[in-house]
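These notes are about the structure you will find just below.
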Amino acid sequence: MQKAPISNDAPTRWTSLVGAGLLARVWFRSKKLSNLDYWRQNAAKIQLAQLRKLLKKASKTEFGREHDFARIASLPDAEMLDAYRKGVPVRDWYAFKDQIARMREGGEPDVLWPGRVMHFCQTSGTTAGDKFIPLSKEMFRSNYLASLDIFANTHRFGVSVPRLLSGKSLFLGGSSDVTANEHGIKTGDLSGLVVPMIRWPLTACYLPGPKIALMDHWPSKIEAMAEACLDEDVRMISGMCSWALVLFERVVELAKERGRDVSCVRDLWPNLDLFVHGGVKYSPFIPRVNQAVFGDPEIDFPTRLELYPASEGFIAVQDTRDDPGLRLHTDLDVFYEFVPLDEIDSENPRAFTCDRVQTGVRYVVVMTTCAGLYRYIIGDVVEFDTIPDPDPSTGAAAAAHGGRAGPPRLRIVGRHRHFINAFGENLIVEHIENAVAAAQRETEITVGEFTAAPVYPHQGGRAGLELAVEFERPPPDALDGEKLKKFRDAFDRALKAQNVDYTTKRTSGVGMADPTISPLPVGAFHRWMESKGKLGGQHKCPRCANHREIIDDVLAVNKVTV
1 MQKAPISNDA PTRWTSLVGA GLLARVWFRS KKLSNLDYWR QNAAKIQLAQ
51 LRKLLKKASK TEFGREHDFA RIASLPDAEM LDAYRKGVPV RDWYAFKDQI
101 ARMREGGEPD VLWPGRVMHF CQTSGTTAGD KFIPLSKEMF RSNYLASLDI
151 FANTHRFGVS VPRLLSGKSL FLGGSSDVTA NEHGIKTGDL SGLVVPMIRW
201 PLTACYLPGP KIALMDHWPS KIEAMAEACL DEDVRMISGM CSWALVLFER
251 VVELAKERGR DVSCVRDLWP NLDLFVHGGV KYSPFIPRVN QAVFGDPEID
301 FPTRLELYPA SEGFIAVQDT RDDPGLRLHT DLDVFYEFVP LDEIDSENPR
351 AFTCDRVQTG VRYVVVMTTC AGLYRYIIGD VVEFDTIPDP DPSTGAAAAA
401 HGGRAGPPRL RIVGRHRHFI NAFGENLIVE HIENAVAAAQ RETEITVGEF
451 TAAPVYPHQG GRAGLELAVE FERPPPDALD GEKLKKFRDA FDRALKAQNV
501 DYTTKRTSGV GMADPTISPL PVGAFHRWME SKGKLGGQHK CPRCANHREI
551 IDDVLAVNKV TV
């Protein structure tokens with residue numbers, strides 16, 4: 001796959017001075033990030049320093065007093081970590097639910113974090129209820145510093161920040177309805193809480209503007225974005241790739257409606273060089289995004305940068321061009337631990353710092369944050385690509401990393417509650433995503449959103465796996481049986497190549513049957529999400545589930561029977 005060329009005749013605006021100022025702000029950080037030996041050698045100590053800082057800060061809160069944070073923070077590193085783990089169990093959001101309600105609804109100070117927390121991020125999955133995540137002033141600053149690392153790494157990748165900000169930067173954001181209660185405490189999604197903080201001169205570079213950014217009806221928001229940005233010099237786009245794709249297609253469609261001779265987004269935005277994305281795995285979207293932006297599925301953005309943001313904190317950012325590893329933010333007031341996936345439901349699971357993990361092992365991310373969450377399970381499953389040097393103060397030095405040494409870099413491979421293991425097949429999100437991408441490449445069929453679920457044994461049929469998937473080219477009504485069979489077989493082979501348990505269950509046709517592929521038109525998953533009130537923003541469909549509730553609902557909303 002080749003990179004699209006960078007336009008050499010992009011005009012310069014006065015806002016290049018904003019870019020120059022931003023570059024000056026991140027210059028030394030960029031140099032520091034490039035010192036890989038420093039992060040390899042010091043990441044472990046930095047993380048312990050973060051933990052000590054957080055414990056001291058929260059020592060006079062209700063939670064801190066109950067768990068003796070002041071004493072724990074006074075101990076040497078190894079004893080501090082051991083005492084913290086013994087005193088505070090690994091837990092999910094529901095363990096903090098009552099305390100968060102007191103803080104958010106009652107305005108109580110000093111419960112989980114010092115003072116009164118005035119902002120809460122509302123998050124919701126497609127199958128679970130709403131959760132409210134505290135966002136302290138310290139967490140806003142942590143997120144701000146992490147966002148600066150976007151530009152520090154962009155500079156490290158060879159992108160001219162002044163040139164980039166000579167044009168406009170488009171941030172898709174979320175569904176940004178923000179409410180305030182009688183205590184003045186605001187609740188909304190993260191983008192809705194952040195947008196009002198954008199000030200001049202950044203507003204001169206920022207799209208789509210606060211009015212559109214704060215719209216909470218996503219179809220109207222996409223339409224308004226397309227209208228507002230059609231004639232702008234967009235040079236950078238940041239957002240989830242699934243929703244960026246919807247915008248790309250609408251912008252081109254709108255231009256054609258107005259009589260313009262365009263075939264792709266680059267015809268409208270010739271200086272679009274940088275795509276910052278996160279939230280979902282990018283590889284299944286590559287052909288469609290490239291086709292929409294460059295008119296060719298084999299031409300990619302000159303520069304792409306992947307992020308790992310979460311409501312609880314900004315976790316990691318890609319720090320090496322064209323390398324999928326995301327470097328953990330070790331120095332931004334969050335302490336990380338990693339619990340082996342197969343132990344997460346144990347009463348006392350083991351937890352490892354970033355210097356004590358191993359490559360090839362799947363871990364659930366656990367965070368202690370500067371907003372009052374302690375040993376908090378966020379649910380993401382990761383694997384490490386590079387591991388920093390172990391800190392000898394916390395135990396015997398590891399004999400070997402079991403992989404490459406370096407700054408802590410990880411990849412998101414799924415969610416610990418999103419898997420398929422109805423018949424011992426042990427499939428996770430990464431397996432499904434990789435198999436869809438492989439089938440797409442092999443058959444040259446372009447797909448959109450998808451989800452997978454088990455097929456339970458029934459009269460006349462064996463157990464199996466079903467994939468409901470949007471087909472763009474060719475669309476479902478033009479997809480003959482032979483092409484669908486080729487896609488199915490390629491998907492099946494790719495799953496077998498990744499997973500020995502699935503292969504065993506599929507051997508000789510005596511266990512699981514061939515996968516079932518249920519074709520859907522593009523937009524089917526958006527219709528389902530809209531029916532759930534979850535359309536737009538950071539909402540996304542689970543790639544797989546160990547039950548049929550999601551897939552049956554998706555098919556029912558789109559009036560598909562299998």
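Residue numbers are given in this note's numbering: position 468 of the sequence shown equals residue 468, and the series is strictly consecutive.
For every residue, glycine included, the Cβ atom is placed at its ideal position computed from N, Cα and C.
Since we're looking at a predicted model, the values are computed, not measured.
Under 8 Å by Cβ, that's how I've got residue i and residue j pegged, so tell me the actual separation to the nearest angstrom.
i	j	result
aspartate 355	alanine 44	4 Å
leucine 148	glycine 19	Their Cβ separation, rounded to whole angstroms, is 13 Å, which puts leucine 148 and glycine 19 out of contact at 8 Å.
valine 469	leucine 520	6 Å
arginine 266	glycine 167	Actually they do not touch by this definition, with Cβ atoms about 13 Å apart.
arginine 250	glutamate 223	7 Å
glutamate 444	glutamine 2	Not quite, the Cβ-Cβ distance comes to about 17 Å (not below 8 Å), so this is no contact.
alanine 463	phenylalanine 423	5 Å
valine 381	arginine 415	6 Å
serine 518	phenylalanine 314	About 36 Å separates the two Cβ atoms, so there is no contact after all.
Using the rule of at least 16 other Cβ atoms within 10 Å of the residue's Cβ for burial, across every protein chain shown, is residue i buried or exposed?
i	result
alanine 478	exposed
lysine 607	Residue 607 is absent from the model: the chain starts at 1 and stops at 562.
histidine 547	exposed
alanine 180	exposed
threonine 451	buried
serine 346	exposed
tyrosine 144	exposed
lysine 31	exposed
glycine 565	Nothing in the structure corresponds to residue 565, since the chain is present only between 1 and 562.
proline 11	exposed
aspartate 9	exposed
valine 500	exposed
glutamate 257	exposed
Flag residue i as yes if its beta-carbon sits less than 8 Å from any beta-carbon of chain C, otherwise no.
i	result
proline 134	Given the protein chain composition of this structure (a single chain), no chain C is represented.
Looking at residue j and residue i, is the spacing between their C-beta atoms short of 8 Å?
i	j	result
tyrosine 376	valine 364	no
phenylalanine 471	valine 436	no
alanine 301	aspartate 273	Rather than alanine, the amino acid found at residue 301 in this sequence is phenylalanine. Taking 8 Å as the Cβ cut-off, phenylalanine 301 and aspartate 273 qualify as a contacting pair.
isoleucine 412	valine 276	no
threonine 61	leucine 112	yes
leucine 427	tyrosine 336	no
alanine 316	leucine 326	yes
aspartate 385	threonine 359	yes
cysteine 370	methionine 139	yes
leucine 172	methionine 240	yes
serine 160	tyrosine 206	no
arginine 156	serine 263	no
isoleucine 432	proline 408	no
leucine 254	arginine 288	no
isoleucine 46	threonine 330	yes
alanine 524	phenylalanine 487	no
alanine 497	valine 90	no
Rounded to the nearest angstrom, what separates residue i and residue j at their Cα positions?
i	j	result
leucine 465	phenylalanine 63	45 Å
phenylalanine 69	leucine 230	54 Å
aspartate 333	proline 309	15 Å
arginine 543	leucine 467	9 Å
aspartate 553	threonine 320	40 Å
lysine 53	alanine 73	8 Å
glycine 209	leucine 410	34 Å
lysine 559	glutamate 66	54 Å
arginine 40	aspartate 514	46 Å
lysine 211	proline 162	26 Å
glycine 372	cysteine 121	13 Å
alanine 4	proline 109	52 Å
isoleucine 185	aspartate 296	48 Å
tryptophan 200	serine 7	27 Å
arginine 417	alanine 545	8 Å
isoleucine 100	tryptophan 93	9 Å
arginine 473	asparagine 434	19 Å
phenylalanine 419	glutamate 430	9 Å
lysine 532	glutamate 549	13 Å
If you run the structure through DSSP and keep just helix, strand and coil, what is residue i?
i	result
histidine 526	helix
proline 519	strand
methionine 118	coil
cysteine 229	helix
arginine 493	helix
threonine 386	strand
threonine 359	coil
methionine 139	helix
cysteine 205	coil
glutamate 549	helix
lysine 281	coil
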